[in-house]
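*Asks:*
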Amino acid sequence: MPTPPPSDSASPTLDFTVPQGIRVHLSGSITALATPFTAAGPLDGDIDFDAWERLLRAQVASGTQALVVAGSTGEANALSNDEYGALLRRAVEIVGKRIPVLAGTGLSNTVRTIELTRRAAACGADAALVVTPPYVRPTQAGLVAHYRAVADDGALPVVLYNVPGRTGCDLLPATVAELVDHPRIVAIKEARAEPERMAELLALRSPTFAVLSGDDPTATRAMLAGADGVISVASNAIPASMRRLCDLARAGRRADAEALDAELQPVFEFMGVEPNPIPLKAVLARQGIGHGLRLPLTTLSAAHAEAADRIVARIAGLEARPA
């Protein structure tokens with residue numbers, strides 16, 4: 001593994017604090033960072049740390065306002081314990097407190113989630129993105145108990161993450177309402193796209209609890225309705241465009257935001273042609289950032305190769321626009 005270069009020295013661009021590890025401010029364009037791998041061998045390629053650092057530095061340079069390391073887009077389930085720690089520590093060092101670094105720590109068991117959250121805290125993460133426990137399908141009461149325990153004992157601010165299509169359970173707004181007053185529960189990433197769901201969550205928004213979209217295609221609508229930002233997959237490939245989009249939407253510039261959103265919709269749609277992060281990895285590979293995925297994920301099917309080429313050309317034009 002190459003020795004990382006010294007951290008960039010710059011004063012913070014966001015006002016966020018973590019007094020005793022209980023608060024962090026999250027808003028705007030937040031990237032769920034992919035984990036580039038080398039060309040895959042019979043089973044798994046290695047992490048391509050050089051490509052990963054280029055991706056991370058490009059995010060910061062393009063105005064991304066926070067990063068999620070080792071989330072689902074980062075193929076967290078395919079990482080070894082050593083790889084997980086190495087990615088987090090290096091991200092914290094490179095970012096140098098200019099923007100928050102979130103760690104994906106959600107697992108199917110509460111004790112293991114607490115242990116991983118503590119490990120992320122020891123690596124220097126600013127907050128934990130904690131998905132609802134996958135596969136086990138807890139009740140709403142179980143979700144309340146789970147998140148309170150993680151927030152109590154995990155040593156990091158907690159961002160709730162609801163993505164029923166992946167986990168098999170839905171964190172309902174009424175359940176979120178039972179959690180928002182906990183001092184370490186600071187935000188929710190909501191991946192359901194229905195405007196009614198977002199409206200229910202926005203009623204819970206406060207100076208200490210942020211509401212973040214987790215769905216790129218509907219993020220503009222959510223932010224125009226009052227959401228604080230988006231945790232995005234597509235922003236790996238279009239960081240400058242996503243920052244512009246978030247700035248426009250959060251400033252209430254509806255016509256401009258909707259116009260840019262319409263230009264970005266083909267990118268968002270492509271990212272969903274196969275399970276995440278398969279399409280994203282195809283785009284990043286064409287941008288010279290990593291190659292393979294780890295099984296059971298496989299590379300983009302040949303049927304979508306021409307579409308990937310078109311999307312990469314579109315992205316080049318979008319990202320070349322002046323800020």
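Here the sequence shown is numbered in my numbering, starting from 1 and rising by one per residue.
No residue lacks a Cβ here, since even glycine has one placed at the ideal position from N, Cα and C.
Please read all numbers here as calculations on a predicted model, not as lab measurements.
1) Of all the options Pro133, Arg89, Gly106 and Val95, which has the alpha carbon lying nearest to the alpha carbon of Gly71?
2) Express the C-alpha separation of Ala251 and Leu160 in angstroms, rounding to a whole number.
3) Distance check for Asp50 and Thr35, CA to CA, integer angstroms please.
4) Note down the Cα distance separating Ala121 from Glu306, rounded to an integer number of angstroms.
5) Can you tell me which of the three DSSP states Gly165 falls into?
6) Tell me whether Lys281 sits in a helix, a strand or coil according to DSSP, three-state version.
7) Start and end of the beta strand (DSSP E) containing Ile188?
8) Where do the ends of the beta strand (DSSP E) carrying Gly229 lie?
9) Can you tell me whether Asn81 is buried or exposed, with buried defined as 16 or more other CB within 10 angstroms of its CB?
10) Assuming Tyr325 and Val130 form a contact by the criterion Cβ under 8 Å, report the distance between their Cβ atoms to the nearest whole angstrom.
11) Buried or exposed for Ser232, going by 16 or more other Cβ atoms inside 10 Å?
12) Just the C-alpha distance for Ile22 and Ala155, rounded to the nearest angstrom, thanks.
13) In whole angstroms, what separates the C-alpha of Gly317 from that of Ile238?
14) Would you identify the three-state DSSP class for Val159, choosing helix, strand or coil?
15) If you run the structure through DSSP and keep just helix, strand and coil, what is Ala58?
16) Can you give the Cα-Cα distance for Lys324 and Leu67, rounded to whole angstroms?
17) Does Gln65 pass the burial test, meaning 16 or more other C-beta atoms within 10 Å, or should it be called exposed?
18) Reducing DSSP to helix, strand and coil, say where Ala320 ends up.
19) Would the beta-carbon of Leu245 fall within 9 Å of that of Pro279?
20) Strictly by DSSP, which residues pair up with Thr31?
21) Of the residues Pro277, Ala320, Ala302 and Val312, which one's Cα is nearest the Cα of Glu75?
22) Given this structure, state the Cα-to-Cα distance separating Val163 from Arg254, to the nearest angstrom.
*Replies:* Working from what's here:
1) The residue given as residue 71 occupies position 71 in the sequence shown. Among Pro133, Arg89, Gly106 and Val95, the Cα nearest to that of Gly71 belongs to Gly106.
2) In the sequence shown, the residue the question calls residue 160 occupies position 160. In the sequence shown, the residue the question calls residue 251 occupies position 251. In a straight line, the C-alpha of Leu160 is about 25 Å away from that of Ala251.
3) Counting from 1 along the sequence shown, the entry for residue 35 is found at position 35. Counting from 1 along the sequence shown, the entry for residue 50 is found at position 50. Cα to Cα, Thr35 sits roughly 11 Å from Asp50.
4) Mapped onto the sequence shown, residue 121 falls at position 121. Mapped onto the sequence shown, residue 306 falls at position 306. Approximately 42 Å, taken between the alpha carbons.
5) Working through the sequence shown from its first residue, we reach residue 165 at position 165. Helix at Gly165.
6) Position 281 of the sequence shown, counted from the start, is the residue given in the question as residue 281. Looking at Lys281 - three-state DSSP - the assignment turns out to be helix.
7) Translated into positions along the sequence shown, residue 188 becomes position 188. From DSSP, the beta strand (DSSP E) with Ile188 extends over Ile185 to Glu190.
8) Along the sequence shown, read from residue 1 onward, the residue named residue 229 stands at position 229. Segment Gly229 to Ser232, the beta strand (DSSP E) holding Gly229.
9) Counted from its first residue, the sequence shown places residue 81 at position 81. The residue is exposed, with fewer than 16 neighbouring Cβ atoms inside 10 Å.
10) Because the chain is modelled from 1 through 323, residue 325 falls outside the range shown and cannot be assessed.
11) For this step, residue 232 is matched to residue 232 along the sequence shown. Under this definition Ser232 is a buried residue.
12) Taking the first residue of the sequence shown as 1, we reach residue 22 at position 22. Taking the first residue of the sequence shown as 1, we reach residue 155 at position 155. Its pLDDT being 49, under 50, Ile22 is placed unreliably in this model, and the value from its coordinates should be taken loosely. Each residue's alpha carbon lies about 8 Å from the other.
13) Numbered from 1 along the sequence shown, position 317 holds the residue referred to as residue 317. Numbered from 1 along the sequence shown, position 238 holds the residue referred to as residue 238. Each residue's alpha carbon lies about 10 Å from the other.
14) Taking the first residue of the sequence shown as position 1, residue 159 is located at position 159. Strand at Val159.
15) Your numbering for residue 58 matches position 58 in the sequence shown. Looking at Ala58 - three-state DSSP - the assignment turns out to be helix.
16) Here the chain comprises residues numbered 1 to 323, so residue 324 is not present and cannot be evaluated.
17) The residue given as residue 65 occupies position 65 in the sequence shown. Buried is the call here.
18) Start at 1 with the first residue of the sequence shown, and residue 320 comes out as number 320. Of the three classes helix, strand and coil, the one that applies to Ala320 here is coil, per DSSP.
19) Residue 245 sits at position 245 when you count from the first residue of the sequence shown. Residue 279 sits at position 279 when you count from the first residue of the sequence shown. Not in contact: Leu245 and Pro279 (Cβ atoms no closer than 9 Å).
20) Taking the first residue of the sequence shown as position 1, residue 31 is located at position 31. Answer by DSSP bridge pairing, in chain order: Leu67 and Ser232.
21) Taking the sequence shown and counting its residues from 1, the one referred to as residue 75 is at position 75. Checked all of Pro277, Ala320, Ala302 and Val312; the closest Cα to Glu75 is Pro277.
22) Position 163 of the sequence shown holds residue 163. Position 254 of the sequence shown holds residue 254. If you take the alpha carbons of Val163 and Arg254, they lie about 27 Å apart.
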